[in-house]
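The structure appears right after this line, and notes come after that.
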Amino acid sequence: MENLERIWQEAASHLEESLPETKKQWIQRISYGGEENGVLILALSSAFYRDTAEKNCRTDIENMVSEIAGSEISVRFTVDASKKPVQKSSPKKEKEKKEKPQSLNTTLNKQYSFDNFISGDNSSFAFNACKVIAQNPGTSFNPCLIYGGVGLGKTHLLESIGNYIDEHNPKMKIIYTTAESFTNEFIDSLLSKEKISAFKSKYRNVDVLLIDDIHFLQKKDSTQEELFHTFNELYDNHKQIVLTCDRPITELTDITDRLKTRFRKGLNVDLQPPAYETRMAIAMQKCKEKGYTIDPKVLEFICQSINTNVRDLEGALTTLSSFASLVGKPVTLDIAREQLKNFIIAPAIKNTDITIDMIIHKTAAYFNVKDYDIRGKSRNKNIMLARHISIYLASELTSYSLSEIGKVMNGKDHTTIMYSVEKIKSIMETDESVRQAVNDLKADLLS
Ligand code: ADP
Ligand code: MG
Numbered sequence: 001m002e003n004l005e006r007i008w009q010e011a012a013s014h015l016e017e018s019l020p021e022t023k024k025q026w027i028q029r030i031s032y033g034g035e036e037n038g039v040l041i042l043a044l045s046s047a048f049y050r051d052t053a054e055k056n057c058r059t060d061i062e063n064m065v066s067e068i069a070g071s072e073i074s075v076r077f078t079v080d081a082s083k084k085p086v087q088k089s090s091p092k093k094e095k096e097k098k099e100k101p102q103s104l105n106t107t108l109n110k111q112y113s114f115d116n117f118i119s120g121d122n123s124s125f126a127f128n129a130c131k132v133i134a135q136n137p138g139t140s141f142n143p144c145l146i147y148g149g150v151g152l153g154k155t156h157l158l159e160s161i162g163n164y165i166d167e168h169n170p171k172m173k174i175i176y177t178t179a180e181s182f183t184n185e186f187i188d189s190l191l192s193k194e195k196i197s198a199f200k201s202k203y204r205n206v207d208v209l210l211i212d213d214i215h216f217l218q219k220k221d222s223t224q225e226e227l228f229h230t231f232n233e234l235y236d237n238h239k240q241i242v243l244t245c246d247r248p249i250t251e252l253t254d255i256t257d258r259l260k261t262r263f264r265k266g267l268n269v270d271l272q273p274p275a276y277e278t279r280m281a282i283a284m285q286k287c288k289e290k291g292y293t294i295d296p297k298v299l300e301f302i303c304q305s306i307n308t309n310v311r312d313l314e315g316a317l318t319t320l321s322s323f324a325s326l327v328g329k330p331v332t333l334d335i336a337r338e339q340l341k342n343f344i345i346a347p348a349i350k351n352t353d354i355t356i357d358m359i360i361h362k363t364a365a366y367f368n369v370k371d372y373d374i375r376g377k378s379r380n381k382n383i384m385l386a387r388h389i390s391i392y393l394a395s396e397l398t399s400y401s402l403s404e405i406g407k408v409m410n411g412k413d414h415t416t417i418m419y420s421v422e423k424i425k426s427i428m429e430t431d432e433s434v435r436q437a438v439n440d441l442k443a444d445l446l447s
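In C-alpha cells form, the structure reads like this:
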C-alpha cells in the first residue's frame, strides 16, 4: 500500500481546488491522523468539527483517495485537539504572486475576495455571475446589478470582482465607489470647469466601474444625469459596469426611467438571507480569518438567533470574542445569551427564542413579499398588511418595547407601532383570513 499520508495530502489539494467553498473549508480543517490496517485516519480538533466534516465530505474524500491510490480506501474520522489545520499556499499561487505587475487600483479593499465569500443556495447565482464577470470583464453580463438586503454581501461581492480583475489584469483601470461618494465628488466638481472635466474623464476612462448602493441616488437628479452619461459612454465602449442596490430596480423611486432602464439591462441578480448551514459556514470562516476561538455550541446559538444579516452575525462574533479576551475565559452559552441581548436582532426573549428578524422573514414569506418590503415604506396593500402583522407578532411574541420594535422596523416611532398593533387586533375581530394568517405564523414561529 502506498503511503497514506502522501495520498491524503494529494487528495486534500485536489479537493481544495474542486469542491465548493462550503465543503472546502472542512477539508482545510482536516489533518492526517495516521493509518490503521489500511484505513486512513483523518483528525479534526473537536467532535463538532469531526461530525460536520464527516457529514459534508466523507464521500468526496473516499472517492478522491481511492482514485489516487488506485484501490478502495476507507476513511475514519477522529478527534485530536492538538491538530490545527495548516494553511497551504500552492506553488502556482506563489509563482503568480512573484510575477504580478504593480496594480493601478487603490480604491479596492483587499480584504474581500471570492475565496473568503461562502456561497450557499441563497447566493450561488449572484456569486457565480460575479465570478464570470470578473473572468471576462466587459463581455458577459454587462451591466450587472446585485441587489439584496443589508449585510448580505453585496459590497463583498462587488469588491471581490474588482480584486479578482486587479489580480488577473493589473493593467485594467478599476474604480470602486459608493453612490454616495460619487455624488459628493460630483457636487465638489461643480466648483470649477477644470474639476468637472477631471471628474468626467476619471469616470469615463475606466475599464471597470463598480458602484455600490445606487439606491442612494434617489432624488439626486443632477448626479443621476451625470451617471447616465457616464454609463452610456462606458457601455458603448464595452467597459464593465457592476452596481449594487438594496432592492430590485422596479422598487426604486425618484430615479429617472431612462437610468432605471439602463440599470435593468444585462443581468440583475439577488442575494437572499443565508440558510442555517451557510450561516454556520460563514461564522466558522470569520472565526478562522480573525483568529477567534468560539465554542461550537455558542456558534450554533449565534447562527440560530441571527438569521438574516451576515454583518450582524460578524458583529456578534466580535462582541463575544472581545468579551472572552477581556474576562480571560471562554464564552459559555449563558454568557452568549446575556451579551447578545444588546444586539438589535438578537433574541428578545421572554420564554422563546423568537427574534424580530425571524418574524419579518416568516411573515414576508407568508405574504410572498421581501423582508425589506416589510421594513420599508411601500403603501402596497399586501405589503402594508404583512408589515402590520409583523409588528403585531413582534409585540406579542418578543419582549421588545414598542419603540424598540419601531427602531428595528426602519425607524418608525412608537405611535406608528401602536397603531399597527391596534389595527391588527381590530381586523382580526372581523376578518377570518387575517386571523388565520396571524395564527399560522404564530404556530410556525412557536414550533
Ligand atoms: P452589504 O453590502 O450587502 O450590506 P457586506 O458585503 O458589507 O453587505 O457584508 C457584511 C459583512 O458580512 C462583510 O464583512 C462581509 O464580508 C460579510 N459577508 C456577507 N456575506 C458573506 C458570505 N456569504 N461569506 C462571507 N462573508 C460574508
Ligand atoms: Mg454594502
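Going by UniProt numbering, the first residue of the sequence shown is number 1, and it counts up by one from there. Backbone N, C-alpha and C fix where the C-beta goes; we use that ideal spot for every residue, glycine too.
Look at residue 464 and Ser140 and say whether their C-beta atoms are less than 8 Å apart.
This structure leaves residue 464 out entirely; the chain is present only between 1 and 447.
Check Arg262 in the structure and name its three-state DSSP category.
helix
Say the cut is 7 Å; is the CB of Gly151 nearer than that to a heavy atom of the ligand ADP?
yes
Across which residues does DSSP place Phe77 in a beta bridge pair?
Leu42
Buried versus exposed, by CB contacts within 10 Å (16 or more), Ile187
exposed
With a threshold of 7 Å (Cβ to nearest heavy atom), would Asp212 be considered close to the ligand MG?
yes
Below 8 Å between beta carbons: does that hold for Gln218 and Leu252?
yes
Can you determine whether any heavy atom of the ligand MG sits closer than 7 Å to the C-beta of Thr155, and answer yes or no?
yes
6 Å CB neighbourhood of Phe216 in its chain, flanking five on each side removed
Ala179 and Glu180
Are the region 34 to 41 and the region 1 to 20 in contact at 8 Å, needing three or more beta carbon pairs?
yes
If you follow the beta strand (DSSP E) that Gln240 is in, where does it begin and where does it stop?
Gln240 to Cys245
Assigned secondary structure, Asp213 (DSSP; H/G/I helix, E/B strand, else coil):
coil
So what does DSSP say about Tyr49, is it helix, strand or coil?
helix
From what residue to what residue does the alpha helix (DSSP H) around Ile427 run?
His414 to Thr430
So, helix, strand or coil for Gly376, using DSSP?
coil
Going by DSSP, what residue range makes up the beta strand (DSSP E) through Ser31?
Ser31 to Glu36
Would you call the region 255 to 273 in contact with the region 106 to 116, where contact means no fewer than 3 C-beta pairs closer than 8 Å?
no
Helix, strand or coil at Leu333 [DSSP, three-state]:
helix
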